[in-house]
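Visitor: Note that this note's numbering gives residue 174 to position 163 of the sequence shown, counting from 1, and the numbers run on in steps of one. Each residue gets a CB set at the ideal place from its N, CA and C atoms; glycine is no exception. Got a structure for you, written out below as structure tokens; questions coming shortly.
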Amino acid sequence: MLLQRGDLAVALRDELVVQALDRPAHCVAQQAAEQASHDLVAQVSHNRLRAGPNPAAQATRQRAGRAQPSISSREAADTSDRRVTRLHPEALTGDYGHRLGRLTGAQLQAAVDGFDLGRLVGASPIPGGQFGQNVQLSTESGEWILRGCPHYDWQFPRERYFASQIASRSPIRAPWPYLIEPSREIFGWSYALMPYLPGLQLSDPAVRARLTPAEETAIARALGTGLTMLHELTWTHAGAYALKADDVVPYAVGHRERVLGEIDDLVSQCGRLDSLSDSDLHWLRWLLKHNQAALDVPFQPTLVHHDFTTSNVVVNRSSTPWTLGGVFDLMEAYVGDPEEDLVRAPFNYTSRRPGLAQDFLRAYISRRPLRADATRRLRLYILRDCLLVWDFGHRFGKEWVASAPGFRQWAEPLVGQDFAAIGRSPSNQD
């Protein structure tokens, strides 16, 4: 089985068109009265007790092993305090965001019962994130994340596959075991459960707001170093996860054709939104003509997270400097050129505090030097992300798009940056 040119770009593009305030029909939460919902879940639990262990859950646990989440002593103490409270499940009933909707405590308890995780003692939505799929659960067995309402049938299996690869082949933590319940019986959608990764959750805006400039610098460097460790996971071929194979399968085309195909798909999508001018298109053609040869430089295929930013990691600090504590949100992961991962974090840092992009890149390049012609290659990777963001902004009517004079004027300062040179230059914060 081979993936055709542009499949990954189309999937990525489709992911961004999910309406932020309009849940898909198959993901609408239970609309019946809370008592009816409670009765339904009680019946599900009763049926499971009569039928014995859930075969799907049992098979997943066999693949995942019986590892339990590791939590810090402080988190363990917090969990212990909540156990004493012994909340009634219905005390946890509430609105869990625009995608998951209203969930009852009985539903949440039934979800953890499917994997024998013990009594539920707390639940809260996870702050941050574009799509609101996550709920943090506190149970007698530890802290867990419930991830629900998948966008695609392959989302959870893909995330499980790459979490397994990271957990088994890398010193970086990933959500493992990754337990999938494919049935829609409880919520109306399938769900996954995984251990809560201990550490500072940089996806939380309140956490980021409390960081000092010196801490932000140290964390940017830790992320650059940590990314090199993720890129030690290698494959013999570039490719994407395929659901039927439950494995990474090779792309049907070479690297240059794949990247150019994804850019072409995004240009077409923006064109249908009438968001690119003739001048923009002329500039795009010039960039592609003068930079695409750099895509032919050979590389060792590695894991590409493709959304490696502060929003999808946790960091730790004890008596040693800050370190990358774990990564999550692996839906976009694939196997390709590791330098494709050098875009999102600098992209985000540049909009907040450009010096952090320099610290991130310097830390990465000091451990993993870039290949020949990296400047031109990264220019196209940045361009691809700019088109993705431009498309997203126009689809959802973002204010910054309305105030932007045009795509070239907005994107050129980013595309024109020499990330390779920035990463090699001395830091102005040392």
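Count the other C-beta atoms from every protein chain shown that fall within 10 angstroms of the C-beta of residue 168, then say buried if there are 16 or more, exposed otherwise.
Guide: Its Cβ being crowded by 16 or more others within 10 Å, residue 168 is buried.
Visitor: Grouping DSSP H, G and I as helix and E and B as strand, with all else coil, what is residue 370?
Guide: Reduced to three states, the DSSP call for residue 370 is helix.
Visitor: What first and last residue would you give for the beta strand (DSSP E) that runs through residue 158?
Guide: That run of the beta strand (DSSP E) goes 153 to 159.
Visitor: Can you name, in chain order, every residue of its own chain whose Cβ lies under 7 Å from the Cβ of residue 231, other than the five neighbours on each side?
Guide: 360, 367, 370 and 371.
Visitor: Go to residue 166, then tell me how far its alpha helix (DSSP H) extends in each direction, as first and last residue.
Guide: Per DSSP, residue 166 belongs to the alpha helix (DSSP H) from 166 to 180.
Visitor: Measuring straight from C-alpha to C-alpha, what distance separates residue 258 and residue 426?
Guide: Going from the Cα of residue 258 to the Cα of residue 426 covers about 33 Å.
Visitor: Considering only their Cβ atoms, is the gap separating residue 380 from residue 348 smaller than 9 Å?
Guide: No, Cβ-Cβ distance for residue 348 and residue 380 is not below 9 Å.
Visitor: I'd like to know whether the C-beta of residue 214 is nearer than 9 Å to at least one C-beta of chain C.
Guide: You won't find chain C in this structure, because it holds only one protein chain.
Visitor: From residue 299 to residue 428, what distance separates their C-alpha atoms?
Guide: Spanning the two alpha carbons is a distance of roughly 16 Å.
Visitor: May I ask you to report which of helix, strand or coil DSSP gives residue 104?
Guide: Three-state DSSP puts residue 104 in coil, outside helix and strand.
Visitor: Since residue 119 and residue 102 are thought to touch, with beta carbons under 8 Å apart, how far apart are those beta carbons, to the nearest angstrom?
Guide: Incorrect: roughly 11 Å between the Cβ atoms, too far for contact.
Visitor: Evaluate residue 127 with the Cβ neighbour count: other Cβ atoms within 10 Å of its Cβ, from every protein chain shown; 16 or more gives buried, anything less gives exposed.
Guide: Its Cβ having fewer than 16 others within 10 Å, residue 127 is exposed.
Visitor: Runs of 4 residues minimum, wholly inside the segment 175 to 233: which ones carry the alpha helix (DSSP H) assignment?
Guide: Listed in chain order, the complete alpha helix (DSSP H) runs (minimum 4 residues) inside the segment 175 to 233 are 216 to 220.
Visitor: Out of 344, 181 and 329, point me to the one whose CA is closest to residue 323's CA.
Guide: The option with the nearest alpha carbon to residue 323 is 344.
Visitor: Please report the Cβ distance between residue 235 and residue 374, rounded to the nearest whole angstrom; I am assuming they are in contact, meaning their Cβ atoms lie under 8 Å.
Guide: Yes, they are in contact, since the Cβ atoms of residue 235 and residue 374 sit about 3 Å apart, within 8 Å.
Visitor: Leaving out the 5 sequence neighbours to the left and right, which residues in its chain are closer than 7 Å to residue 239 when beta-carbon positions are compared?
Guide: Contacts found: 375, 378 and 379.
Visitor: Could you give the residue range of the alpha helix (DSSP H) that holds residue 329?
Guide: Per DSSP, residue 329 belongs to no alpha helix (DSSP H) and is neither H nor E.
Visitor: Our contact map puts residue 204 next to residue 246 with C-beta atoms below 8 Å; I'd like the distance itself, whole angstroms only.
Guide: Actually they do not touch by this definition, with Cβ atoms about 28 Å apart.
Visitor: According to DSSP, simplified to helix, strand and coil, what is residue 305?
Guide: It is helical.
Visitor: Could you tell me the boundaries of the beta strand (DSSP E) in which residue 149 lies?
Guide: Segment 145 to 150, the beta strand (DSSP E) holding residue 149.
Visitor: With 16 as the cutoff for other CB atoms within 10 Å, does residue 301 come out buried or exposed?
Guide: It is exposed - the Cβ of residue 301 has fewer than 16 other Cβ atoms within 10 Å.
Visitor: Quick check: what's the CA-CA separation for residue 411 versus residue 397?
Guide: Taking the straight line joining both Cα atoms gives about 13 Å.
Visitor: Here's the rule: buried if 16 or more other CB atoms are within 10 angstroms of the residue's CB, otherwise exposed. What is residue 174?
Guide: Buried: at least 16 other Cβ atoms inside 10 Å.
Visitor: Quick check: the Cα distance between residue 263 and residue 185, rounded to an integer number of angstroms?
Guide: Answer to the nearest angstrom: the Cα atoms are 29 Å apart.
Visitor: CA-CA distance, residue 329 and residue 335?
Guide: Cα to Cα, the separation comes out at about 12 Å.
Visitor: Am I right that residue 129 and residue 150 are in contact with their C-beta atoms under 8 Å? What's the rounded C-beta distance?
Guide: With a Cβ gap of about 5 Å, residue 129 and residue 150 count as contacting.
Visitor: Is it buried or exposed, residue 307, if we count other Cβ atoms within 10 angstroms and call 16 or more buried?
Guide: So residue 307 counts as exposed.
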